[in-house]
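Some notes on the structure that comes next.
Chains as they are written, first to last, in this note's numbering: chain A, 338 to 906; chain B, 9 to 258; chain C, 76 to 212.
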């Protein structure tokens, strides 16, 4: 067997993963990087991001302002030292991406344009019309093609992290094309597999967002931090959940209820439609309870009114929004308001990392939505996530390189044992002779239903408890999941089954962390504990996997300059 | 399901471990007014036949995964509505002009190699340090190449191209459009370096301007125009170098 | 050493295209007709050049050739060649605006306007030639 020699292995080929790969090969001329992704990198979910990426780009802006907006947006749960590093490196990363060809929208004088975004006091969100994630991802991917030292494993599904003697030394991965399970050795591993929005029924997230990396790290003993904080994006299309970018509000769009009013005046009189996402989403629920929302085939919704922007502005600034609404709802936003409702969008929580993207396990790093460093705390501001991928992807690449160059290559013999065990485990579980068994979709649908009921926008003890009791039952049903596809070549049903296992792990971390946080902060809103409780809960939750329910511990939030205060907009 | 209407789906299958040639399976799928072909395929896989393999992800026409032949035309199945075909039958096949790996999954290695071959990255003699800020680029300069940067790599154009089918050496519409995207970017200085590839026999000169690539492109990239413009530029550049030898062009 | 895709023996199925692929799709058929039009245009030009050459051979030879051109076979050829030439021109003018970006100062001329100008120019030149041919000019 040809043993590939990688110093660093990166799982996930999205914004963070590609940025880490490029940072690694640029950090040292000798380092060899392996990039494993279950889809071709251009398909990564970064591609769907629309609005923009924030950074201090102009003279009327400063780092403290961006940091404060981020920290306040996080409801003071962000680690302020990490935020300060983030805001200081953001502009450099955005310019670097510009140098790599990203077609940022421009002002007449040739400078990169900035637009307003939710929770930002200064216009600092740069964008590539309203397909920023698409252009960023393609710029990163195409730039990564320059380097022969980045070896890609396209359509390989990583099933587990190999931790030997407390150190990460590779992964076991399934080659979709051949169906073979291999152990890929490395001296450092970076997990950039994105979030897990698909554990909920209505989400902007693509099918691939099943929390694989979070689950793998969790199984390896790494705690998942702040998992209870799940962001609902206020404007998704009902039914499909397709994202209507925040930029549509940034460019001046209104949210209107059945009475024709911009109802946010009652909740966010200062920022109105440009308030932080958790507050705008909660406002929808209040309007729903008051009966001032429209009813449709896929539930209730409000109107996103863009008509007053005019056709020219819409085509110039948010053309993708127009394209999507015409295609999927048959509505032209130039002439009619768009139906929207809050849908799950982003996970603030994730793999516990520090400012250098290091996890508690030696040689294991994480960046992007998978990680929780954390800059986003209890609620993320729009346009911070794309920048986050760049800043922490680069930091992860450099940290992992520094570490890897000092290590010995792992023993292939030891790794082969892991691969063999993994092969047998999967063969026994999915390809054994079984009577009965359930279809994947049945378990997955029930998982999504219980998460929506217990861990939705508003949460309450009884519902959360029900969800926490339901999850072990779902896990038991999962032990008996049946797949029809017994082939080896491109078995996507097997992949769906493996993804479901990961989703169940992620869901339990979310539900239990939410149950134990008896306060409301950021996107975690408890109907039974409506106030923020800094005395008891100005802390990060850490969910550790056990044989039963996860064990939840807490760690302190790092505060440097900004003392927590009331969060009003 | 809101109605009892059904629509017939004929799907090309290929199980390499069991078959030497593809076969066709037929399914009766519920017809929903707002369903796209992808919804029907997911329904088949989830509820009826878990062995059906296909690629998909974003379901909003931006990731490029879900290209397939729908009644003989290359389409993104996430943006193709059943209501435009009902009550007629649907025939779903893998993208034409590519080898079939399994069911509706095609081998895209050749495409990936060609993307890389055109050197789709900014090539400059000297990089400006990041500290000095962005390269200035006016909106007019951006509009020179913006359209060609919208390619989602869905490969529908390769399926529509009658040259790529029989002559798989042809670099193809998307890759050549991507080369033009960089050639036309005011920040790039790499046209000379790319010329060897795009101006080769397998490059722009293999294109006979059928124009189908641009017709099927879901993102209006217009690769046909990108290739013809490259032909014009390359020819002009060749004449210029003949008449003015020693003049340095980009 | 790399676990690259080339290391694996994949069994793939390659679908063969029949040589009559262009007959099954109207768009491909029209494309082939556009290609074929060049043959007819080329043949017409060769005939025209031959005619011009015959002028140097004297009036008798030239007139004899002119008479032969009035035979049904040649008339059919010229009609078909005209149809193909018109088709070629119309399709060409249709795309020229998109390929050749025309700028007036800083503003881009929209492709439809370029196409319209090409047609307008063609009509003007055709009228001028016609008037010259009929001795008016």
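We put the beta carbon where it would ideally sit given N, CA and C, even for glycine.
{"Query": "Using a Cβ-Cβ distance under 8 Å, would residue 162 of chain C count as near chain B?", "Result": "no"}
{"Query": "Using CA atoms only, rank isn't needed, just tell me which of A:593, A:705, A:758 and A:672 is closest to residue 720 of chain A.", "Result": "A:705"}
{"Query": "Measure the alpha-carbon distance for residue 756 of chain A versus residue 748 of chain A and round it to whole angstroms.", "Result": "13 Å"}
{"Query": "Given 8 Å as the limit, is there contact between the segment 379–388 of chain A and the segment 543–559 of chain A, that is, 3 or more CB pairs closer than that?", "Result": "yes"}
{"Query": "Skipping 5 residues on each side, what residues in its chain have a beta carbon closer than 7 Å to that of residue 531 of chain A?", "Result": "349, 351, 382, 546, 705, 706 and 707"}
{"Query": "Can you list the alpha helix (DSSP H) stretches of 4 or more residues lying completely in the segment 870–897 of chain A, in chain order?", "Result": "871–874"}
{"Query": "In this structure, how does DSSP classify residue 711 of chain A when only helix, strand and coil are distinguished?", "Result": "coil"}
{"Query": "Check the C-beta distance from residue 193 of chain B over to residue 153 of chain B and give it rounded, since I have them as a contact under 8 Å.", "Result": "5 Å"}
{"Query": "Looking at chain C, which residues of the segment 9–35 of chain B have a Cβ within less than 9 Å of any of its Cβ atoms?", "Result": "22, 24, 25, 27, 28, 29 and 30"}
{"Query": "Return helix, strand or coil for residue 728 of chain A, following the three-state DSSP convention.", "Result": "helix"}
{"Query": "I want to verify the contact list: residues of chain C whose CB lies under 8 Å from the CB of residue 115 of chain B, in sequence order.", "Result": "85 and 87"}
{"Query": "Any beta carbon from chain B within less than 8 Å of residue 664 of chain A's own beta carbon?", "Result": "yes"}
{"Query": "Count the C-beta pairs between the segment 429–444 of chain A and the segment 92–99 of chain B that are closer than 8 Å, then say yes if the count reaches three, no if not.", "Result": "no"}
{"Query": "Check the C-beta distance from residue 612 of chain A over to residue 906 of chain A and give it rounded, since I have them as a contact under 8 Å.", "Result": "5 Å"}
{"Query": "Which class does residue 640 of chain A belong to by DSSP, given the choice of helix, strand or coil?", "Result": "strand"}
{"Query": "May I have a chain-ordered list of the alpha helix (DSSP H) segments no shorter than 4 residues that lie completely inside the segment 400–455 of chain A?", "Result": "400–410 and 417–436"}
{"Query": "Any chance the segment 759–776 of chain A sits against the segment 717–731 of chain A, with 3 or more Cβ pairs inside 8 Å?", "Result": "no"}
{"Query": "Can you have a look at residue 481 of chain A and say buried or exposed, based on whether 16 or more other CB atoms are within 10 angstroms of its CB?", "Result": "buried"}
{"Query": "Of all the CB atoms in chain A, is at least one closer than 8 Å to the CB of residue 118 of chain B?", "Result": "no"}
{"Query": "What three-state label does DSSP hand residue 847 of chain A in the structure shown?", "Result": "helix"}
{"Query": "Please list, in chain order, all residues of the same chain as residue 149 of chain B whose beta carbon is under 7 Å from its beta carbon, the five residues on each side excluded.", "Result": "194"}
{"Query": "Beta-carbon within less than 6 Å of residue 898 of chain A's beta-carbon, same chain only, minus the 5 sequence neighbours each way: which residues are those?", "Result": "none"}
{"Query": "Would you mind telling me which residues of chain C sit closer than 7 Å to residue 237 of chain B, beta carbon to beta carbon, in chain order?", "Result": "174"}
{"Query": "Residues of the segment 420–442 of chain A with a CB closer than 7 Å to any CB of chain B: list them in chain order, please.", "Result": "429, 432, 433, 435, 436, 437, 438 and 440"}
{"Query": "Just how far apart, CA to CA, sit residue 206 of chain B and residue 184 of chain B?", "Result": "7 Å"}
{"Query": "Starting from residue 821 of chain A, find everything on chain B with Cβ-Cβ shorter than 8 Å and list it in chain order.", "Result": "57, 58 and 59"}
{"Query": "State the DSSP-derived secondary structure class of residue 93 of chain B, mapped to helix, strand or coil.", "Result": "coil"}
{"Query": "What are the partner residues of residue 676 of chain A, as DSSP defines its beta bridges?", "Result": "A:640"}
{"Query": "So residue 483 of chain A and residue 387 of chain A are supposed to be a Cβ contact under 8 Å. How far apart are they, rounded?", "Result": "Not really, about 27 Å apart at Cβ, beyond 8 Å."}
{"Query": "DSSP on residue 570 of chain A, reduced to helix/strand/coil?", "Result": "strand"}
{"Query": "Can you tell me which of the three DSSP states residue 76 of chain C falls into?", "Result": "Annotation note: pLDDT 28 at residue 76 of chain C (below 50); position unreliable, no value reported."}
{"Query": "Please identify the residue among A:508, A:569, A:727 and A:804 whose C-alpha is closest to the C-alpha of residue 470 of chain A.", "Result": "A:727"}
{"Query": "Can you give me the Cβ contacts of residue 78 of chain C inside the same chain, cut-off strictly under 8 Å, excluding the 5 residues immediately before and after it?", "Result": "With a pLDDT of 43 at residue 78 of chain C, under the threshold of 50, the modelled position of this residue cannot be trusted; read the value that follows with caution. Cβ within range, chain order: n/a, list empty."}
{"Query": "Between the C-alpha atoms of residue 212 of chain B and residue 106 of chain B, what's the straight-line distance to the nearest angstrom?", "Result": "20 Å"}
{"Query": "Ignore the nearest five residues each way along the sequence and tell me which others in residue 889 of chain A's own chain have a CB closer than 8 Å to its CB.", "Result": "849, 850, 853, 878, 879, 880 and 881"}
{"Query": "For the segment 80–87 of chain B against the segment 35–45 of chain B, do three or more pairs of beta-carbon atoms, one drawn from each stretch, fall closer than 8 Å, so that the two count as touching?", "Result": "yes"}
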